[in-house]
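These protein sequences, in sequence, are chains A, B, C and D. Under the numbering used here, the first sequence has 543 at position 203, and the numbering climbs by one with no breaks. Under the numbering used here, the second sequence has 140 at position 3, and the numbering climbs by one with no breaks. Under the numbering used here, the third sequence has 126 at position 94, and the numbering climbs by one with no breaks. Under the numbering used here, the fourth sequence has 25 at position 24, and the numbering climbs by one with no breaks.
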Amino acid sequence: MSRIGVFVCHCGENIGATVDCAQVAQMSSSIPGVVHSVDYKYMCSDPGQTLIKEAVKEKKLTGVVVAACSPRMHEPTFRRACAEAGLNSFLCEMANIREHCSWVHEKGDQTTQKAADLVRVLVEKVKRNRPLRPIQVPVTKTALVLGGGIAGIQASLDIANAGQKVILVEKDPSIGGHMAQLSETFPTLDCSQCILTPRMVEVAQHPNITLLSYSELESLDGFIGNFKARIRKKARKVDEKLCTGCAVCTQKCPQKKIPSKFNAGLGMRTAIFVPFPQAVPNKPVIDIENCRYFKTGKCAVCQKLCPAKAVRFEQEDEILEIDVGAVVCATGFDVVNTDFFPEYGYGKYPDVINGLQYERLASASGPTLGEIRRPSDGKIPETVVFLACAGSRDRAKGIDYCSKICCMYTAKHAMLYRHKVHSGKAYVFYMDIRAGGKMYDEFVRRAIEEDGAIYVRGRVSRIYERDGKLIVKGADTLLGGEPIEIKADMVVLATAAVASPAAEELAQKLHISYDSYKFFSEAHPKLRPVETNTAGIFLAGACQAPKDIPESVAQASGAASKVCGLFSQDQLSREPLIAAVNRTAPPQYSSCTGCFLCESVCPYRAIERETITTRGGKPIRTIARVNPGLCQGCGTCVAVCRVKAIDLDGFSNSQLYAEVRALA
Amino acid sequence: MAETVRRTSGQTVVNDMEALRQRARELLDAGTVQVIIGYANGSNRRVRPFFARRPEDLERLILDDRCVLNLAVYLRKPEVKALGKAAVIATPPLLRSILQLAAENHYQESEAVFLALDSAGNVLELSSAEQIAGVLGSLPGSTGQDACVPSADRMPALSAGSTDRQARFAFWKQEFERCIRCYACRAACPMCYCEQCLVDSNQPQWIPVAAHSIGNLEWHISRAMHLAGRCVNCGACSEACPAGIPLNLVNQFLADRIQQEFGQKAGTSAKLDYALSVFSGSDRETFIK
Amino acid sequence: MKVGYFPGCSLVGSAREFNESLQAVSRLIKLDLVEIPDWNCCGASSGHAADHLLSLALPARILALAEKTGLRDLLVPCSACYNRLITTVYELQANPRLKSEVRELIELDLKLDVRVRNVLEVLKEAMEADGSSRIAKPFAHRVACYYGCLLVRPPKVVQFDRPEDPTSMDELMQAIGAEPLDWAFKVECCGAGMTLARTELVAKLCARILDDAVARGAETLITACPMCHANLDMRRGDIEKAAGRTFTIPVMYVTQAIGLALGLGPKELGLHRHMVDCGPLLAAATQSSTVNLQS
Amino acid sequence: MSEFEPKIIAFVCNWCTYAGADLTGTSRMKYAHNVRVIRTPCTGRIDYMLILKAFSAGADGVIVSGCHPGDCHYTSGNYHARRRWMVFRSLLDFLGIDVERVRFAWVSAAEGAKWAEVVNTTVADIRRLGPYTEYQNLIGRGVERSFQV
């Protein structure tokens, strides 16, 4: 039989002025199961709490209802008080008679009656509470970082420097990501590689970081603190341990005309290659699609010439299984190519290039060694037109969002062009300039005012080639929509930043949600920007939304600190208000019918399939099981279950039923 | 009122009964199956389910438009399972329910054999959900109202265009008041396979068990909600109801609404596509203010 | 192949030769055109700017009459009419309330189950279906295919071809032995909507179209739109004034080019009705080998 | 005879509407006293049976409220709830049960004023509709009133 204590708080005048607290206590005393009921001026004060603690002990209470403010305010206070008196803290509930009653209604019998009703509801609820203990989950203190761009590098270093183990997985042969491709970086114009490569080397040498380059995630199972990752280490066809990085193979490979991805297609590489001279690890990879040996069975020049005998044609992909406690997803972004734009020639004009290609042209390590030369004939262009918002913020193109980085890098592009070609003309077409950020607007102003970039507010309707020039047709909307035409030698499209093509598949492997553009979704757009809805998986960088370098680094450090926070505990403690599937006596074992209609409603994929077997291991039936490590307690499965085989602690079927009936 | 819409014509619609019997005989002879589940004449011009275990029993098998009871319910019964593997004389509604059961993990591949007639009168032998899904659309009578069960347009209070809520309430109140809570509807429904029905759980007692107005209404609302997005519209519930309540109308109405709103239809594929366990960000919400 | 046919006012007026050539070609490629009885104006010129409901009701009446013929496809050769009709289907399908309003207005049953088709897609289908038609005289000319603005836009409504760089007319021209050119003004506006209000602007726009076609070596422009044709052909004097130069390049309907290739005479195809003489083009030497249409 | 005072039971989610109603309180906005709030973790948890039980407990009107689409603390509970309500509401309407007595609303944690408005308009609507005798008459001679622990 329940022994419930009801404690009605006056909250000074806050409740007492409109609700007759003594009468509420009086009315509560007649609720079946209530053995103690008092009112007091300030329940949350020390004497108030002592009142509760003493009553718990003296009256041997099995449940406590504090009728006071919102549980969002003082529930922890009163639960702690109960726990100190020896009552399980989950046997304490609050009736909200302040925010939901005294503050919103006038003084009167009806308001007092409402307060008494609310108490009755919570008494019926607390009668059906059961003692619970916070859930303890062990933590594997190794982080998996996916993606070796600047965000992944930063996150890895931060976690590793905090003394935790990191496994960094990069799909390409080298880490560095898009940042390694950039020329100079806004707003300071320092050389991208100069600031990045020391970090890359640090990653390679860090004792706490295991770098798995040329590798991809196959699958991820488990839950926070206890993930199991399967990683495919793609065959390099080169023994990394033996290779000294002498580069004889890459110099002698006869297959030399393969467009280099690192150079955005503007330069060529060999079939056995290192993506760029500063690559980490600086070990080559054989591209078997283009390798003469793999295509014809003849050649093997690299193998013959390798002084370390490191070339291994027979090497196969390897699958590694790793236990990790947290995952940082930093898989980055992509930019759409020029062939996305029919109105700009479907990519058929070689001198219409995208921003990434321009970065390679402007980069000292690029195919032109940093001289701005147009791809078609290598001439130095006299007029260059830059188009911001190529695809971005364009509903007709299906990309509604702003790519965020283009305004700044376009200003930088125009500036770099003017620095390198003093006589050249740089036009920039823009919709509006979004230069929010420290020293950002100043940077754009500098491009316009000091470096003479000609900014035209308007959009370009068409680009076509005529007499060796690219005719750029647009409108200047600041000058009354006057149509203008520019005869350009080269056009640079600041093409939209989009999610990387593998993003959707990866999100499904990680069980994290993504938006309609395939960017990964954060748990809360404002307050939980680095977490995902799957506990233990964090986001860093442009896989979440287009971002520039400082933002990516900041988010990566944020994600790293979340991981370190998680790893600072040996066990995780979680609120135990979670769902569970009932178990009953044989032959049913559970009232669960095994229809699994609940499986897809769970936002956390916490519903698993559990096969009940005989002692001999013979399967009897398969029923649902809620993984307590994953369940967050929303209860959607409970409402979907026809037979009520699933129930949720704290909001159980019998509790909610009794709460409603308490109002009858 | 509902009595008037019951059809008991008993016309034979199947001329290829002999072909069906022949195939059933072969299956029994070969030992592929141990029992044939079909229909036979019962008393009082009614049909009854029939379990043929010997070849000579097969002569009693019939198939006509009175055969509405959904034989899929027997596949899950332990006493039927104990007879061995079964072949079932299949109508399109039965096959639809097998697909839905498969989607809900309650029919395993090759658990039984289904004998159906195609439009040319050939006997099809189906056992996997994939086979069923493949032929279902082409079977005779597989579209439209294929059960001889009540249809809404014959109920004045429910007919299209009726906006009289109180008339609807009065209609259903009267219908449900006749319910004696025998749960024949539940027993006849292949989708009501739960071992412990909500109405049988008493902690808490969600639905009053006594046959009075409120309990009856809550029972029928629950039944409809539990079948929403799962009912394959076989009509067996109405056929089974001794009080003649046109129960399938409620299920059919929700099935239509779900198809309109969410484009999902139960019993069309063995892949789980349950309208109430998925959602779309663009679901209509004009009623939410 | 049998389709409903809505010529619209241009094809019985200023663009008679489009109608004549379409009818002549249709006979040869076994395309049966069933003219919608009692058709009315589609409201393209001013109706759609004046009153939204009217702009839907006018085409809706044509659609309702077309439905009565029981034919699935309705050929609308004039691209302005095509645009109005297909837009009406799009808007009314999306808005049942508006649809019932329009249905009351036109007092006809309206199911919206007729497919509104333009001349390019119907010709392509008919020519492919009629495998027997043979090219008598390949139209061996360099042509600039000019689609104009209405055939391909707005893309979500018409859902035809690539909006910025359509190719369907180019393919038709290739099939009759012509050499379609890659040029920059395929879907540029000729300014037809402003032809009376701001003639000098229209002349300027047209001049640019002609200029690019000529610069790339086109011998003739090919069009499928009576409005474009009228502007580029009849306004030639204004265009030349605006450009400060002369243009001798003729402008032909797609059906006229096909007709010539199928062996029809210039007169049957109404070529004599053009302002800009097609004579020199026709006089130019042409090969006379026979090519199968589908090759 | 005293004026009819509607009895309203509200099922709200913990993260948005419950917090929104707290905000109404901290902002000291006044609203009708007729509502009794039952807290649930998420609209996804709100079983249609609870709405039926509220009516059989004598409620004249029911409010069901939670986070706006896209704001669900559990990402998608409210989307699932929305579908279930759509189906449930259609069913009630088909059976002739007055759907005007169930008010569905999205009230965020920031919408204190909206919560007051939702309660006030619901109370006004139910006042206009009158006591829900149609349903309560079904309950008959207190079959369920005998409920005790």
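Glycine included, each C-beta is placed from N, C-alpha and C at the ideal position.
Between which two residues does the alpha helix (DSSP H) containing residue i stretch?
i                 : result
GLN995 (chain A)  : 993 to 1001
GLN895 (chain A)  : 889 to 907
ILE241 (chain C)  : 231 to 247
ILE140 (chain D)  : 134 to 140
PHE308 (chain B)  : 302 to 314
PHE634 (chain A)  : 632 to 636
HIS1005 (chain A) : The question about residue 1005 (chain A) has no answer, for chain A in this structure spans 341 to 1004.
PHE95 (chain D)   : 78 to 95
GLY388 (chain A)  : 386 to 398
ARG129 (chain D)  : 113 to 130
Round the Cβ separation of residue i and residue j to the nearest angstrom and send it over; I've been treating them as touching at under 8 Å.
i                : j                : result
TYR684 (chain A) : VAL676 (chain A) : Not really, about 12 Å apart at Cβ, beyond 8 Å.
ILE499 (chain A) : ARG539 (chain A) : The pair is not a contact, with the Cβ atoms about 14 Å apart (cut-off 8 Å).
ALA670 (chain A) : ALA900 (chain A) : The pair is not a contact, with the Cβ atoms about 10 Å apart (cut-off 8 Å).
LEU124 (chain C) : LEU85 (chain C)  : No, LEU124 (chain C) and LEU85 (chain C) are not in contact; Cβ-Cβ is about 11 Å, not under 8 Å.
LEU879 (chain A) : GLU862 (chain A) : 6 Å
PRO379 (chain B) : ALA294 (chain B) : The pair is not a contact, with the Cβ atoms about 22 Å apart (cut-off 8 Å).
Leaving aside the five residues before and after residue i along the sequence, list all residues of the same chain whose C-beta is less than 8 Å from its C-beta, in chain order.
i                : result
ASP888 (chain A) : PHE526, LYS744, ILE745, MET748 and GLY777
Can you give me the Cβ contacts of residue i inside the same chain, cut-off strictly under 6 Å, excluding the 5 residues immediately before and after it?
i                : result
LEU409 (chain B) : ALA240
ILE290 (chain C) : VAL57 and ILE208
GLY179 (chain B) : ARG185
TYR19 (chain D)  : VAL13 and ARG40
SER368 (chain A) : VAL346, VAL374, SER377 and VAL459
Could you name the residues of the same chain whose beta carbon sits closer than 7 Å to that of residue i, not counting the 5 residues immediately before and after it, in chain order?
i                : result
LEU335 (chain B) : TRP343, ILE344 and SER359
GLU272 (chain C) : THR278 and PHE279
ASP679 (chain A) : TYR686 and GLY687
GLU145 (chain D) : Confidence at GLU145 (chain D) is low in this model, with a pLDDT of 46, below 50, so its placement is unreliable and the value that follows should be read with caution. Same-chain partners within the cutoff: SER57.
VAL578 (chain A) : LYS623, PRO624, VAL625, ILE626, ALA650, VAL651 and ARG652
PRO959 (chain A) : THR951 and THR953
ARG572 (chain A) : SER555, GLU556, GLU558, ASP657 and ILE659
THR750 (chain A) : PHE726, ALA728, VAL768 and ALA834
Taking DSSP's pairing of strands, which residues face residue i in a bridge?
i                : result
ASP663 (chain A) : A:LYS568
ASN694 (chain A) : A:LEU833
GLY718 (chain A) : Per DSSP, none; premise fails for GLY718 (chain A).
VAL65 (chain D)  : D:PHE12 and D:PHE105
VAL838 (chain A) : A:ASP674
ARG965 (chain A) : A:GLU948
GLY295 (chain C) : DSSP, once it has assigned bridges, lists no residue as partnering GLY295 (chain C).
GLU524 (chain A) : A:CYS531
Does at least one heavy atom of the ligand SAH sit under 7 Å from the Cβ of residue i?
i                : result
LYS638 (chain A) : Summarising the ligand content, the structure contains no ligands, and the ligand SAH is consequently not present.
Hey, could you find the ends of the beta strand (DSSP E) residue i is sitting in?
i                : result
ARG40 (chain D)  : 36 to 41
ALA177 (chain B) : 172 to 178
ALA249 (chain B) : 249 to 254
ASN436 (chain A) : 432 to 436
ILE726 (chain A) : What sits at residue 726 (chain A) in the sequence shown is Phe, not Ile. Segment 723 to 730, the beta strand (DSSP E) holding PHE726 (chain A).
task = Decide if the segment 976 to 994 of chain A is in contact with the segment 892 to 904 of chain A; the criterion is three or more beta carbon pairs, one per stretch, under 8 Å apart.
result = no
query = So does the segment 64 to 75 of chain C actually touch the segment 125 to 137 of chain C, counting three or more Cβ pairs closer than 8 Å?
reply = no
message = Would the segment 42 to 50 of chain D count as touching the segment 446 to 464 of chain A if we require 3 or more Cβ pairs under 8 Å?
response = no
ask   = Would you call the segment 343 to 359 of chain A and the segment 471 to 481 of chain A in contact, with 3 or more CB pairs under 8 Å?
value = no
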